[in-house]
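There are 2 protein chains.
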Amino acid sequence: MTSIKDVAFAAGVSVATVSRVLNDHPAVRPDTRTRVLSAVTDLGYRPNAVARSLRTHQTRTLGLVISDVLNPFFTELARAVEDAARGRGYSVVIGNADEHAALQEHHVRTLLERRIDGLLVSPTDGGTSMIRDAVAAETPMVFVDRWIPGLDVPVVHADGRPAVHDLVAHLHSLGHRRLAIIGGPSETTTGNERVEAFREALESHGLPLPRRYIGEGDFQTESGRRATAAFLDLAEPPDAVFATDNLMALGAMDELRRRGLRVPQDMALAAFDDIPWFLHTDPPITAIAQPTAELGHRAVGALIDLVEGRTASSVTLTARLVTRRSCGESEGSRS
Amino acid sequence: MTSIKDVAFAAGVSVATVSRVLNDHPAVRPDTRTRVLSAVTDLGYRPNAVARSLRTHQTRTLGLVISDVLNPFFTELARAVEDAARGRGYSVVIGNADEHAALQEHHVRTLLERRIDGLLVSPTDGGTSMIRDAVAAETPMVFVDRWIPGLDVPVVHADGRPAVHDLVAHLHSLGHRRLAIIGGPSETTTGNERVEAFREALESHGLPLPRRYIGEGDFQTESGRRATAAFLDLAEPPDAVFATDNLMALGAMDELRRRGLRVPQDMALAAFDDIPWFLHTDPPITAIAQPTAELGHRAVGALIDLVEGRTASSVTLTARLVTRRSCGESEGSRS
DNA sequence: CGATCACATGGTAACGATTACATGCGACAT
DNA sequence: ATGTCGCATGTAATCGTTACCATGTGATCG
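Residue numbers (our numbering), protein chains in the order written: chain X, 1 to 335; chain D, 1001 to 1335.
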């Protein structure tokens, strides 16, 4: 591999001068600059980011640890993050935890060893020790979507509570009274927030939320199917199910279909996180949409502020309900 | 940040010994080993992968450049790749080209500067100069799914031709005669292969493939919608459309829905790449499924062979047709 | 008993860049 | 003419590791 030394030799200058040209330092005579530049292209020289990082103590790279790449919400988030980061001159390295604590630890560790400049994380349930270490070591960090309570780390997320209230009102107005929810892992903030908001909303309509109507999910398809099966095996099954993420909604549909049940006649269905496919499912699914791209952009903004020595504060956006036909036919349904 | 030097001081040994412990070199007395190890945990020392890479000339990192993360096929591929790589002790850095040549160049460049050990790429249309450079510089590289003809680089992909023939037979048996296709960018191998296979299959049934029945797509949702709109505006629209990826199929559905047309009565629809949502769309969509996970695993296997100095050869798997209801009702429809 | 050997450990030169400091040189003012 | 200044460039230290070579210390053996 050709190094800065080879370029220096070819151009008949010192490595310092080559470095100056490469970092366009002003104090370089125009003709030497062109001489160096042509040596660079002649040799096909490519700067070694590893060496540069070692020397400068910065990698211009952000780490992003998400709980599940296969979840379209996180895919979109990742894309937005990469976009924003690239726009600011940073790269992004993604670690997919697959909703698995040990994997999350693994990725945080390797990212830290790579000396990424900052860390964006949407923590899974459990396995927070590595993250606490990182915070203690003052690694610039921002939580996005989910967070770990009690840590002094800015959080960029969307508040889903108003939308959950809207959803419950929507279901109530369509005559549903036995409302069930499939929650996420108990220790994720989003899981809790969504279940709590659901419970509050039900209360405000005078409806109970019995324990058997709270399904235990893990944000993965299969758990949505299982929870739905459990609901359907109940003596008095619910007449509406709210899946707190889109993958579990998919699982719920799988199970309903398997049993030959129709949505919304036999069971109403709604999901947290809207995705393009929900428009074309049978029936189109009512969902709560997060401003995903903005979430990603704001999170990157906050993180880069931290990385570059400024301060950053938490950001709360809001999610909104998008009603379609999966809860029943209503008058004013927006696409 | 604490370095190996600090650990050495704390443990009362030299940096060489610490390094030996960290890389579990045999020649270290058990008691010094434990002394060093406890110093490591006391100080919360984390090895600096940047320095290590500079010294060892390897990063134990693979680059993966894909054409579009938002496409579930590539998301799944990326997951499989990361999985396989992690199992072999490698990390993966993903670059998303968004079907955009310039972005692909950008990612290849930064990955190369990062000195990744090997590159896995599913090239977009155009912008191949950086890739040619990399090949010339003997960067270990493997193409996955798509490839650039004429380069001596192993290709891991699934042959879709038999499945396309099956699809055409299926459509023909259901009475469809005016078959159209929405292709990908003309320069992608997958785009070409799929259109060519479609044409051949049509010929074997004595059907023509007029130019106006070949839609120009770019593997993105919107182009699928546009191509479908163009088909529908024809004096004699096709009665079946084959979208050569799932995103364009989504676009086609968007347009059909917008015009209030029904699938399959008004228009049959099939897609390349199967995804979980296709089971639940209205109607469920007939698709050609690739062995995505295996594609990822085999590609990583081949690349690591190259990286570690062995040789690697191309791998061709096969895709298979999964019939559902979007082409019409048939007797034996599989899941 | 001295030579040999294995083993544990230490010293130190790279790896490829950046950057503070030194140097040389022409221009300019006095 | 000479001192001063600023500009272009070179020299060398440094970042945190690894790996080669040297060294010291017992143990083993003829």
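For each residue, glycine too, the CB sits at the ideal point set by N, CA and C.
Neighbourhood of residue 1228 of chain D by C-beta, 6 Å cutoff - its chain only, sequence neighbours within 5 removed:
Counting from one through the second sequence, the residue named residue 1228 of chain D turns up at place 228. Excluding positions up to five away in sequence, the list reads 1252, 1255.
Against residue 1004 of chain D, what residues of chain X qualify as contacts under a CB-to-CB distance less than 9 Å, listed in chain order?
Position 4 of the second sequence, counted from the first residue, corresponds to residue 1004 of chain D. In chain order: nothing, as chain X lies at least about 13 Å away.
Using the beta-carbon count (16 or more within 10 Å), is residue 1268 of chain D buried or exposed?
Here residue 1268 of chain D refers to the residue found at position 268 when the second sequence is read from its first residue. With 16 or more Cβ atoms within 10 Å of its Cβ, residue 1268 of chain D is classed as buried.
Quick one: grab the DSSP three-state call for residue 157 of chain X.
Taking the first sequence and counting its residues from 1, the one referred to as residue 157 of chain X is at position 157. Strand.
For residue 1217 of chain D, count the other beta carbons within 10 Å of its own beta carbon; 16 or more makes it buried, fewer makes it exposed. Which is it?
Numbered from 1 along the second sequence, position 217 holds the residue referred to as residue 1217 of chain D. With 16 or more Cβ atoms within 10 Å of its Cβ, residue 1217 of chain D is classed as buried.
Which stretch, first to last residue, makes up the alpha helix (DSSP H) that contains residue 228 of chain X?
Position 228 of the first sequence, counted from the start, is the residue given in the question as residue 228 of chain X. Residues 221 to 232.
Using only CA atoms, which one of X:67, X:70, X:240 lies nearest to residue 337 of chain X?
This structure leaves residue 337 of chain X out entirely; chain X is present only between 1 and 335.
Over what stretch of residues does the alpha helix (DSSP H) that includes residue 4 of chain X continue unbroken?
In the first sequence, counting from the first residue as 1, residue 4 of chain X sits at position 4. Note, residue 4 of chain X: alpha helix (DSSP H), 4 to 11.
Which residues of chain X have a Cβ atom closer than 7 Å to the Cβ of residue 1096 of chain D, listed in chain order?
The residue labelled residue 1096 of chain D in the question sits at position 96 within the second sequence. Residues of chain X passing the Cβ test: 79, 82.
Counting only beta-carbon separations shorter than 7 Å, does residue 280 of chain X have a partner in chain D?
Residue numbering aside, residue 280 of chain X sits at position 280 when the first sequence is read from its first letter. Yes, contact with chain D.
Which stretch, first to last residue, makes up the alpha helix (DSSP H) that contains residue 43 of chain X?
Your numbering for residue 43 of chain X matches position 43 in the first sequence. Segment 30 to 43, the alpha helix (DSSP H) holding residue 43 of chain X.
Enumerated in chain order, which unbroken segments of the beta strand (DSSP E) with a length of 3 residues or greater are wholly contained in the stretch 295 to 326 of chain X?
Runs of beta strand (DSSP E) with 3 or more residues, each lying fully within the stretch 295 to 326 of chain X, are found at 315 to 318, 320 to 322, listed in chain order.
Counting only beta-carbon atoms, is residue 253 of chain X nearer than 7 Å to chain D?
In the first sequence, residue 253 of chain X corresponds to position 253, counting from 1. So, interface residue.
Is there contact between the stretch 1120 to 1127 of chain D and the stretch 1270 to 1279 of chain D, where contact requires at least three CB pairs shorter than 8 Å?
Counting Cβ pairs under 8 Å, fewer than three are found: no touch.
Note down the Cα distance separating residue 90 of chain X from residue 1103 of chain D, rounded to an integer number of angstroms.
Position 90 of the first sequence, counting from 1, holds the residue named residue 90 of chain X. Position 103 of the second sequence, counting from 1, holds the residue named residue 1103 of chain D. Distance between the alpha carbons of residue 90 of chain X and residue 1103 of chain D: 14 Å.
Touching by the beta-carbon criterion (3+ pairs, under 8 Å), the stretch 1311 to 1319 of chain D and the stretch 1145 to 1158 of chain D:
Because the criterion of three Cβ pairs below 8 Å is met, the stretch 1311 to 1319 of chain D and the stretch 1145 to 1158 of chain D touch.
Give every residue of the same chain whose Cβ lies closer than 6 Å to the Cβ of residue 125 of chain X, excluding the five residues on either side of it in the sequence, and list them in chain order.
Taking the first sequence and counting its residues from 1, the one referred to as residue 125 of chain X is at position 125. Closer than 6 Å at Cβ, skipping near neighbours: 185, 187, 188.
Please identify, using Cβ separations under 8 Å, the residues of the stretch 58 to 74 of chain X that lie next to chain D, in order along the chain.
Listed in sequence order: 59, 69, 70, 72.
Any beta carbon of chain D sitting closer than 7 Å to that of residue 115 of chain X?
Along the first sequence, one-based indexing puts residue 115 of chain X at 115. Taking 7 Å as the CB threshold, residue 115 of chain X lines the interface with chain D.
By Cβ distance below 6 Å, which residues in the same chain neighbour residue 1375 of chain D in space, the five residues on each side in sequence not counted?
Chain D is shown from 1001 up to 1335; residue 1375 of chain D falls before or after that span and cannot be answered.
Per-residue DSSP class, three states only, for residue 1216 of chain D
As a position in the second sequence, residue 1216 of chain D is number 216, starting the count at 1. Looking at residue 1216 of chain D - three-state DSSP - the assignment turns out to be strand.
Residue 260 of chain X to residue 266 of chain X, Cα distance in whole Å?
Residue 260 of chain X sits at position 260 when you count from the first residue of the first sequence. Residue 266 of chain X sits at position 266 when you count from the first residue of the first sequence. If you take the alpha carbons of residue 260 of chain X and residue 266 of chain X, they lie about 10 Å apart.
Classify residue 1288 of chain D as helix, strand or coil using the three-state DSSP reduction.
In the second sequence, the residue the question calls residue 1288 of chain D occupies position 288. Annotated three-state conformation of residue 1288 of chain D is strand, per DSSP.
Nearest-angstrom Cα separation, counted from residue 1134 of chain D out to residue 1146 of chain D:
What you label residue 1146 of chain D is simply residue 146 of the second sequence in a count that begins at 1. What you label residue 1134 of chain D is simply residue 134 of the second sequence in a count that begins at 1. Their Cα atoms are separated by approximately 17 Å.
Sequence-distant residues of the same chain with beta carbon closer than 8 Å to residue 1116 of chain D, five excluded per side
Counted from its first residue, the second sequence places residue 1116 of chain D at position 116. Here the set comprises 1059, 1061, 1062, 1063, 1093.
Within 9 Å of chain D by C-beta, residues of the stretch 221 to 243 of chain X in sequence order
So the list reads 221, given in the order they occur along the chain.
If you drop the 5 nearest sequence neighbours on each side, which residues of the same chain put their C-beta closer than 8 Å to that of residue 33 of chain X?
Taking the first sequence and counting its residues from 1, the one referred to as residue 33 of chain X is at position 33. Within the same chain, residue 33 of chain X has close Cβ partners 21.
8 Å Cβ cut-off: residues of chain X touching residue 1322 of chain D
Translated into the one-based positions of the second sequence, residue 1322 of chain D becomes position 322. At a beta-carbon threshold of 8 Å, none of the residues of chain X lie near residue 1322 of chain D; the nearest stands roughly 15 Å away.
Chain-ordered residues of the stretch 17 to 40 of chain X with a beta carbon less than 8 Å from chain D:
Taken residue by residue, none of the stretch 17 to 40 of chain X has a beta-carbon sitting less than 8 Å from a beta-carbon on chain D.
Per DSSP, residue 1017 of chain D forms a beta bridge with which residues?
Indexing the second sequence from 1 puts residue 1017 of chain D at position 17. Under the DSSP definition of a beta bridge, residue 1017 of chain D lacks any partner.
Determine the chain D residues that contact residue 186 of chain X at a beta-carbon separation under 7 Å, and present them in chain order.
Position 186 of the first sequence, counted from the start, is the residue given in the question as residue 186 of chain X. None at all; the shortest Cβ gap to chain D is about 25 Å.
Under DSSP, the beta strand (DSSP E) around residue 1116 of chain D begins and ends at which residues?
Along the second sequence, read from residue 1 onward, the residue named residue 1116 of chain D stands at position 116. Judged by DSSP secondary structure, residue 1116 of chain D falls outside any beta strand (DSSP E); it is assigned neither H nor E.
Note down, in chain order, every chain D residue with its Cβ under 7 Å from the Cβ of residue 93 of chain X.
Residue mapping note: residue 93 of chain X aligns to position 93 of the first sequence, counting from 1. At a beta-carbon threshold of 7 Å, the residues of chain D lying near residue 93 of chain X are 1093, ordered along the chain.
Reducing DSSP to helix, strand and coil, say where residue 179 of chain X ends up.
Locating residue 179 of chain X in the first sequence gives position 179, counting from the first residue. In the structure shown, residue 179 of chain X sits in a strand (DSSP, three-state: E or B).
Residues in the same chain with beta-carbon distance under 8 Å from residue 213 of chain X, minus the five sequence neighbours each way, listed in chain order, please.
Within the first sequence, numbered from 1, the residue matching residue 213 of chain X stands at position 213. Answer for residue 213 of chain X: 178, 179, 180, 181, 231, 238, listed in chain order.
Per-residue contacts from residue 1053 of chain D into chain X (C-beta, under 8 Å)
Reading the second sequence from its first residue, position 53 is the one you call residue 1053 of chain D. Residues of chain X whose Cβ lies closer than 8 Å to the Cβ of residue 1053 of chain D are, in chain order, 50.
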